[in-house]
Amino acid sequence: MFCREQVARYIDAQDGIEGLGYRLVVVGNGTPEQLQDFERRFPQVKSIFTDPDRASYRALDLRHGVGSLMSLGMIANGMRAVRAGHTQGTTAGDPLQQGGVAVFDSSGNQQFIHRDGTAGDSLPADELLGVLRRLSHAAS
Amino acid sequence: MNTSLETIPLFNSDGDPVPLGSVWVKKPVVMVFVRHFG
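Protein sequences appear in the order of chains F and W. In case it helps, the working numbering puts the first sequence at residues 1229 to 1368. In case it helps, the working numbering puts the second sequence at residues 779 to 816.
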């Protein structure tokens, strides 16, 4: 449910993201077959990949482990996601992995990262757009 | 350049490997990492 909510947030902001000159790429950690199901659910996203070994998650130091699920915030996040109509599907990937958002320039330099503290702790789209506006302004 | 990331293989839904570093070649990128595909 949280991953669906997270992607839905950024789909709604996709025009704004692209308008600021950025490409939106979604990465998960299931199998390529599980990715096919996710692609069918979110056809609006133009670039979706999977990293079954989670090497990119580790390289970016995204949270992993049981500790990342021990949070009252996760309960509140779950209530918010359910109220917004996001349901829990079958887990397709590592259930102990947390997500995040990273921004890179076209030379591969990391410009920004948000690491989710617990499930459902994804960066709101308006905050992401604010970050992108500041980065675009700084680069111009 | 983030050399630790750029050679990490990602896979598309056909199972074809794509170097992570290729996603930012043409333009800056917002990479959204989801918990899983559930």
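Glycine residues also receive a C-beta, built at the ideal position from the N, C-alpha and C atoms. The structure displayed is predicted, hence computed values, not measured ones.
Limits of the alpha helix (DSSP H) - the one that R1269 (chain F) falls within: 1260–1269
Identified DSSP bridge partners for R1369 (chain F): An answer regarding residue 1369 (chain F) cannot be provided, because it is not within the stretch 1229 to 1368 covered by chain F.
Test: S1334 (chain F) CB closer than 7 Å to a CB of chain C: In the displayed structure, chain C is absent; the protein chains listed are F and W.
Closest residue to Q1272 (chain F) among F:N1337, F:V1359, F:D1240 (Cα-Cα distance): F:D1240
Proximity below 7 Å, CB of F815 (chain W) to CB of F1266 (chain F): yes
Pairwise C-alpha distance: S1368 (chain F) and V803 (chain W): 19 Å
Below-7 Å beta-carbon distance, I1239 (chain F) vs any chain W residue: no
Nearest neighbour of V810 (chain W), chosen from F:G1293, F:Y1238, F:Q1338, F:V1359 [CA to CA]: F:Y1238
DSSP three-state assignment for G799 (chain W), whether helix, strand or coil: helix
6 Å Cβ shell around V801 (chain W) - same chain, five flanking residues per side excluded: V807
Limits of the alpha helix (DSSP H) - the one that I1245 (chain F) falls within: 1242–1247
Where V807 (chain W) sits in the DSSP three-state scheme: strand
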